[in-house]
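What follows is a set of notes on a single structure, which appears directly below.
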Amino acid sequence: MAKDYYKGFAECYHRHFEVNSRGDIRFYTELARQAGGKVLEIGCGTGRTLIPSARAGASVTGMDISENMLSYCRKLLSEEAQEVQKRVELISGNMADFSMKDRYRLITTPFRPFQHLATVEEQLSALKCIREHLEDKGTFILDIFDPDMEILTDYDRAEEFGEEPPFLLSDGTEVTVSYRTPSVDTVNQIAHCEMIFSKVFPDGTRRRDVQEFIMRYTFRWEAEHLLHRGGFRVVKVMGGYEGEPAGAGDLVFFCEKLHST
Ligand SMILES: C[S@@+](CC[C@H](N)C(=O)[O-])C[C@H]1O[C@@H](n2cnc3c(N)ncnc32)[C@H](O)[C@@H]1O
Numbered sequence: 011m012a013k014d015y016y017k018g019f020a021e022c023y024h025r026h027f028e029v030n031s032r033g034d035i036r037f038y039t040e041l042a043r044q045a046g047g048k049v050l051e052i053g054c055g056t057g058r059t060l061i062p063s064a065r066a067g068a069s070v071t072g073m074d075i076s077e078n079m080l081s082y083c084r085k086l087l088s089e090e091a092q093e094v095q096k097r098v099e100l101i102s103g104n105m106a107d108f109s110m111k112d113r114y115r116l117i118t119t120p121f122r123p124f125q126h127l128a129t130v131e132e133q134l135s136a137l138k139c140i141r142e143h144l145e146d147k148g149t150f151i152l153d154i155f156d157p158d159m160e161i162l163t164d165y166d167r168a169e170e171f172g173e174e175p176p177f178l179l180s181d182g183t184e185v186t187v188s189y190r191t192p193s194v195d196t197v198n199q200i201a202h203c204e205m206i207f208s209k210v211f212p213d214g215t216r217r218r219d220v221q222e223f224i225m226r227y228t229f230r231w232e233a234e235h236l237l238h239r240g241g242f243r244v245v246k247v248m249g250g251y252e253g254e255p256a257g258a259g260d261l262v263f264f265c266e267k268l269h270s271t
């Protein structure tokens with residue numbers, strides 16, 4: 011069952027990736043700007059890539075399962091110019107089960123929302139919905155991480171890792187993010203993950219908030235088979251957002267509809 015893993019974490023999430031950039035905004039903004047038709051961003055979250063795409067002139071519909079992420083996105087959008095706001099529609103929805111009247115030239119999944127689906131059935135259901143909403147000549151971008159066997163088989167997972175530069179929330183709280191992967195279910199290919207927000211409030215008190223979530227990992231060739239089953243042909247694969255070859259950490263699939271299904 012699809013789940014909202016982001017309740018109460020929207021501002022922390024957004025500020026963290028604002029300060030510690032993922033380097034994917036230009037890639038998504040350019041794709042959306044050049045799409046020449048309507049764009050659907052699945053798992054749009056706080057609008058990290060959606061709002062820059064709308065600023066660049068794209069008409070974008072953002073869908074997300076998390077009300078908290080959507081409401082933060084609405085707040086950020088309300089601070090944008092009227093013409094940018096007019097180009098955006100935000101809807102609450104589950105990528106594994108949605109139906110809308112519009113069809114889209116470009117459908118994207120920036121920063122791995124697809125990996126929050128826990129089962130192959132849900133993944134196939136999502137691909138079916140995405141295919142139904144894609145124009146015949148449209149492009150679907152699947153964005154997932156490239157599973158790293160060393161990380162997945164590291165049994166010292168209690169360790170926190172990845173402490174990055176701190177950032178401030180609107181109330182002055184200082185936050186530092188770190189991560190933990192307490193367990194990996196290698197049978198079902200599910201990593202149980204934690205994003206840990208270590209906070210220092212303006213009065214000096216400290217607290218750690220832990221966002222628990224799952225990431226279902228899918229290997230490159232498995233993803234190609236899955237996409238084929240879902241009615242897509244993979245036309246290009248990149249290992250990052252600058253055209254790196256596969257093997258560089260991310261997997262970005264450019265897909266078209268397979269008309270023979
Ligand atoms: C890592 S965040 C990425 C957010 C945004 N795309 C970005 O690049 O910052 C994953 C997003 O996917 C959303 N999500 C997870 N499962 C979903 C589902 N079944 N349907 C729609 N959105 C989902 C989450 O609520 C979250 O906002």
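Residues in the sequence shown are numbered consecutively from 11, following the working numbering.
Even glycine gets a Cβ: it sits at the ideal position worked out from N, Cα and C.
Note that the structure is a prediction, hence the values are computed from the model and not measured.
Are residue i and residue j touching if we call contact CB-CB under 8 Å?
i      : j      : result
Val185 : Pro175 : no
Arg113 : Leu144 : yes
Ile61  : Leu86  : yes
Ile161 : Phe264 : no
Arg230 : Asp153 : no
Ser188 : Gly172 : yes
Ser63  : Ala106 : no
Tyr227 : Gln95  : no
Thr71  : Glu99  : yes
Phe19  : Tyr251 : no
Tyr82  : Phe223 : no
Phe211 : Thr183 : yes
Using the three-state DSSP reduction, which class does residue i fall into: helix, strand or coil?
i      : result
Glu222 : strand
Glu77  : helix
Ser31  : coil
Arg216 : strand
Lys138 : helix
Thr271 : Annotation note: pLDDT 48 at Thr271 (below 50); position unreliable, no value reported.
Phe171 : strand
Phe155 : strand
Leu144 : strand
Lys13  : coil
Going by DSSP, which residues form a beta bridge with residue i?
i      : result
Leu178 : Glu184
Arg190 : Glu204
Cys265 : Phe150, Val244
Ser51  : Ser is not the amino acid found at residue 51; the sequence shown has Glu there. Its beta-bridge partners are Gly72, Thr118.
Val210 : Glu184, Arg216
Glu99  : Thr71
Asp112 : BP columns for Asp112 are empty, so no partner.
Asp164 : None, per the DSSP bridge assignment.
Take the Cβ of residue i as the centre, count every other Cβ of all protein chains shown within 10 Å, and call the residue buried at 16 or more, exposed below.
i      : result
Ile101 : exposed
Ala68  : buried
Val245 : exposed
Ala128 : buried
Met11  : exposed
Val197 : exposed
Gln133 : buried
Thr271 : With a pLDDT of only 48 at Thr271, under the threshold of 50, the placement of this residue in the model should not be trusted; the figure read from the coordinates follows. Exposed, since its Cβ has fewer than 16 Cβ neighbours within 10 Å.
Gly253 : exposed
Leu92  : Looking at the sequence provided, one finds Gln at residue 92 rather than Leu. By the 10 Å Cβ count, Gln92 comes out exposed.
Ser109 : exposed
Asp164 : exposed
Ser180 : exposed
Glu51  : buried
Arg97  : buried
Phe207 : buried
Arg32  : exposed
Next on the checklist: For the structure I just gave you, are there three or more beta carbon pairs, one from the segment 43-61 and one from the segment 111-125, closer than 8 Å?
Outcome noted: yes
Item to check | Segment contact flag, the segment 214-221 with the segment 233-243, C-beta cutoff 8 Å, min 3 pairs | outcome: no
Item to check | Validate contact between the segment 20-31 and the segment 224-234 using beta carbons, cut 8 Å, 3 pairs | outcome: no
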